[in-house]
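See below for the structure under consideration.
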Amino acid sequence: MRMRLATALPLLRSTARAITWWPLLIGAALGPAILLVPTALDATLTATHVTTLTRIAATCLALGAAFVLDDPAARSTPTVPTSRLARNLLRTALAVPIAVLSWALTLSLASAGDAPLAAGALPAAALPVGALTLEAAALLAIALALATLAQRRNTDGHAGVVAAPATLTLAGAAWLLPHPVALTLSPGDPSWTQSHHRWAVVLAAALILFLWSGYEGRSRRLVTVAIVLLTAGTAFTLRTDPPAPVATPAWTQIVPGGDCQCADGTRFSFWERQADPAKVVLFLNGGGVCWDARMCAFTGSGGKNDHYNWNDQSGERPYDQNAGFFDLTHPGNPFAGYSIVFVSSCTGDAHLGDTAQTYSPTLTVQHRGRVNGAAALDHLASRYPDATQVVVIGKTAGSVAAPLYGGLVADRLPRARVTVFGAQSGAWPDNPGFNAEVLGTAWGAYAAAPAWAVDGLGVREWGVPRFWSQTARHAPGVVLSRFDYAFDPAAAVEVTRWMPGDPPDLLSIIDANEAAVERAGATLHSYTAPGKRHGLFELDRFYELEVGGVRLTDWLTRLVNGNQPSDVRCDTCDQE
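Heads up: the sequence shown at position 392 corresponds to 417 in my numbering, and the numbers run straight through without jumps.
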């Protein structure tokens with residue numbers, strides 16, 4: 026590959042004339058053009074949108090680069106004084122300035138922030154330039170490597186017609202990889218850095234293939250060269266990108282109207298925080314439940330009965346909270362980058378009911394939790410149709426219905442990975458009297474449930490633990506999990522009279538319920554913490570809680586990322 030200057034300059038000119046430039050120029054122009062479309066349409070973008078468009082631009086550039094090594098004269102000039110590798114490197118060097126200019130313009134448009142950003146989107150300054158550049162370099166290397174491989178396999182000089190579709194196929198396959206080996210994650214994903222270590226490996230493999238396919242001599246130095254480039258690329262990625270800050274949460278109140286209403290007939294609303302459209306939390310808030318005139322009366326502290334969770338009342342809105350799960354700027358929050366649909370239960374029926382219940386001549390209660398929840402679910406499905414990950418979180422009484430809503434989400438978004446995390450209802454009983462009197466009659470929940478949820482069960486058999494096993498039968502891909510304090514005095518206080526024992530042994534009931542769920546064929550991941558505490562999501566205890574050396578937030582991160590965490594259970598459960 027040693028060429029005198031007198032030989033190199035004529036070769037440079039002849040090579041420049043021989044390159045088929047138009048595919049590369051089209052690909053280089055398409056990339057920036059793609060980034061201009063949202064601005065022209067005044068589209069609202071999130072960090073995921075911008076990252077996706079930038080990746081599409083990189084793919085267009087790689088498809089154009091696949092034709093750089095085309096040499097129609099190859100058939101008529103089988104023997105040339107310059108090696109194939111030297112010719113390929115020279116063609117690549119001539120194409121690099123165009124690729125660099127196109128990519129710089131693409132990143133400039135992606136970082137300009139001209140298009141309006143959605144609530145929760147990363148600011149323009151946080152665009153992961155280095156990581157995206159590593160991805161683009163890997164795609165370019167793949168295209169060129171496939172082109173050199175095509176050169177090696179045929180002699181007609183048209184390598185691009187083979188390399189371009191192969192590159193497109195591999196780029197598409199990268200989007201389909203499951204989370205443990207995913208390459209196309211969103212900024213802010215806990216595995217973002219690890220995914221770019223994988224991109225660096227892809228780049229190294231493509232470079233090795235490019236050098237090997239073009240080299241006609243002995244190839245003992247190729248691996249060393251590739252490792253050097255791999256190290257440089259990884260260092261560039263890690264040094265260039267600052268930690269991506271999590272945007273300040275912004276909440277919007279949604280009033281669905283229609284048949285939706287609170288227990289006293291007033292309007293029902295839920296709340297939404299738009300962030301990553303691919304990752305969504307459906308948060309079913311807790312609150313009290315009721316089923317008689319005393320419990321359901323519309324009086325209490327502040328004029329509102331504590332057996333309801335009034336969605337418009339101060340202190341019950343998500344933005345009234347600034348700790349625990351609701352601290353969406355906390356670096357340890359597994360859900361910081363997620364879009365969130367937050368649903369309060371202002372109907373006293375744990376998001377399950379669909380009936381108007383007259384408890385006295387002066388008290389008619391609209392138990393319409395199922396109707397309200399369906400409206401929130403409709404909104405989630407229409408707003409986030411391309412979500413790839415949905416986590417249904419149930420807090421206290423909200424966790425009673427969480428598995429059923431997990432099954433409903435799976436029905437509406439069949440391509441999403443659905444995880445259910447139900448917290449603090451593990452002791453709710455499977456008692457025939459409670460099932461019939463409360464779930465069946467007072468709330469009308471049995472009649473309102475989807476057919477699959479009650480399949481094969483009469484109303485007296487349809488207890489809360491069955492919600493988990495019925496969901497597992499209907500949607501086996503849904504990941505089911507629960508959290509409980511061993512002796513939480515408030516989590517199931519309303520249903521104590523239907524529990525065995527006087528007083529009931531709460532931990533024994535939790536264990537028995539979980540065993541029954543798993544005997545029915547479901548896998549229920551569990552985290553049981555010691556003591557008599559109650560609060561979790563609204564407190565910084567959400568980040569501090571650790572049992573058996575396993576922090577709750579770490580356990581949750583593994584769970585929602587598609588891993589299978591082991592069950593966690595306190596050893597001395599009666600101690601804090």
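Glycine included, every Cβ here is placed at the ideal spot set by N, Cα and C.
Quick caveat, the model's predicted, so the values are computed rather than measured.
Using 10 angstroms around the beta-carbon of residue i, count the other beta-carbons present and answer buried if the total reaches 16, otherwise exposed.
i	result
L49	buried
W47	exposed
V396	buried
P597	In the sequence under discussion, the amino acid at residue 597 is Thr, which differs from the Pro named in the question. Its Cβ having fewer than 16 others within 10 Å, T597 is exposed.
P57	buried
P203	exposed
G502	exposed
W200	exposed
V504	buried
E569	exposed
P148	In this prediction, P148 scores a pLDDT of 43, lower than 50, which makes its location untrustworthy; no coordinate-derived value is stated.
E486	exposed
S370	buried
G546	exposed
A540	exposed
L169	buried
G25	A question about residue 25 goes unanswered here, because the residues of the chain that appear run from 26 up to 601.
Assign residue i to one of three DSSP states: helix, strand, or coil.
i	result
F508	strand
S136	helix
T131	helix
F562	coil
W296	strand
S424	helix
I123	helix
A168	helix
R583	helix
A545	coil
T45	coil
S277	Reading the sequence as shown, one finds Thr at residue 277 and not Ser. Three-state result, T277: strand.
Q391	strand
V62	helix
V479	helix
L114	helix
Please work out which residues of its chain come closer than 7 angstroms, Cβ to Cβ, to residue i, disregarding the five sequence neighbours upstream and downstream, and give them in chain order.
i	result
L438	A406, A412 and V415
R116	T40, I44, V93 and L94
V463	W316
P590	H550, W580, R583 and L584
I81	I59
V542	P490, W493, S494 and L549
P529	T521
Go through its chain and collect everything with a Cβ distance to residue i's Cβ below 6 angstroms, but skip five positions before and after it.
i	result
G311	K420, T421, A422 and G423
K24	Residue 24 is absent from the model: the chain starts at 26 and stops at 601.
D266	Interpretation of D266 is limited by its pLDDT of 48, a score under 50 that renders its predicted location unreliable; the figure taken from the coordinates is listed afterwards. If we look at D266 and ignore the five residues flanking it on each side, its Cβ neighbours are P153, G155 and A156.
A517	A452 and W453
A172	A91, L94, A184 and A188
E519	V314
A289	The sequence shown places Asp at residue 289, rather than the Ala named in the question. Cβ neighbours of D289 beyond the five flanking positions: F323.
S608	Absent from the model: residue 608. The displayed extent of the chain is 26 to 601, so no value can be given.
W468	D374, L377, G378 and H392
A515	H559
W276	W296, R298, P343 and Y344
P274	Caution applies to P274, whose pLDDT of 46 falls short of 50 and renders its modelled position unreliable; the value that the coordinates give is listed next. Once the five neighbours on either side are set aside, the close Cβ partners of P274 are R298 and L353.
S238	T173, L174 and R177
P281	A400
W217	L210
G293	Correcting the residue type first, residue 293 is Phe in the shown sequence and not Gly. If we look at F293 and ignore the five residues flanking it on each side, its Cβ neighbours are C285, Q286, C287 and N397.
G432	T496, H499 and A500
Could you tell me which residues DSSP puts in a beta bridge with residue i?
i	result
T413	DSSP, once it has assigned bridges, lists no residue as partnering T413.
D301	Y363
F308	F367 and I418
Y3	The first residue shown for the chain is 26 and the last is 601, placing residue 3 beyond what the model contains.
R594	T553
V575	V572
Report all residues from its chain with a CB closer than 8 angstroms to the CB of residue i; omit the five preceding and five following residues, and keep chain order.
i	result
P359	P215, T578, L581, T582 and V585
V484	N460, A461, L464, G465 and Y471
A54	S127
G357	Y568 and T578
Under 6 angstroms: does the beta carbon of residue i sit that close to some heavy atom of the ligand ZN?
i	result
A473	Of ligands this structure carries none, so the ligand ZN is not represented either.
Which complete beta strand (DSSP E) runs does the stretch 334-387 hold, if anything under 3 residues is left out?
The beta strand (DSSP E) runs of length 3 or more contained entirely in the stretch 334-387 are, from start to end of the chain, 363-368 and 380-385.
Hey, which unbroken runs of the alpha helix (DSSP H) at 4 residues or more fall wholly within the stretch 172-229?
Counting only runs of 4 or more, we get 185-201.
Which parts of the stretch 433-459 are runs of the beta strand (DSSP E), unbroken and 3 residues or longer, counting only runs that do not cross its ends?
Within the stretch 433-459, the complete beta strand (DSSP E) runs of at least 3 residues fall at 442-448.
Go through the stretch 489-534 residue by residue and report every complete run of the alpha helix (DSSP H) that reaches 4 residues or more, in order.
Runs of the alpha helix (DSSP H) inside the stretch 489-534: 489-499.
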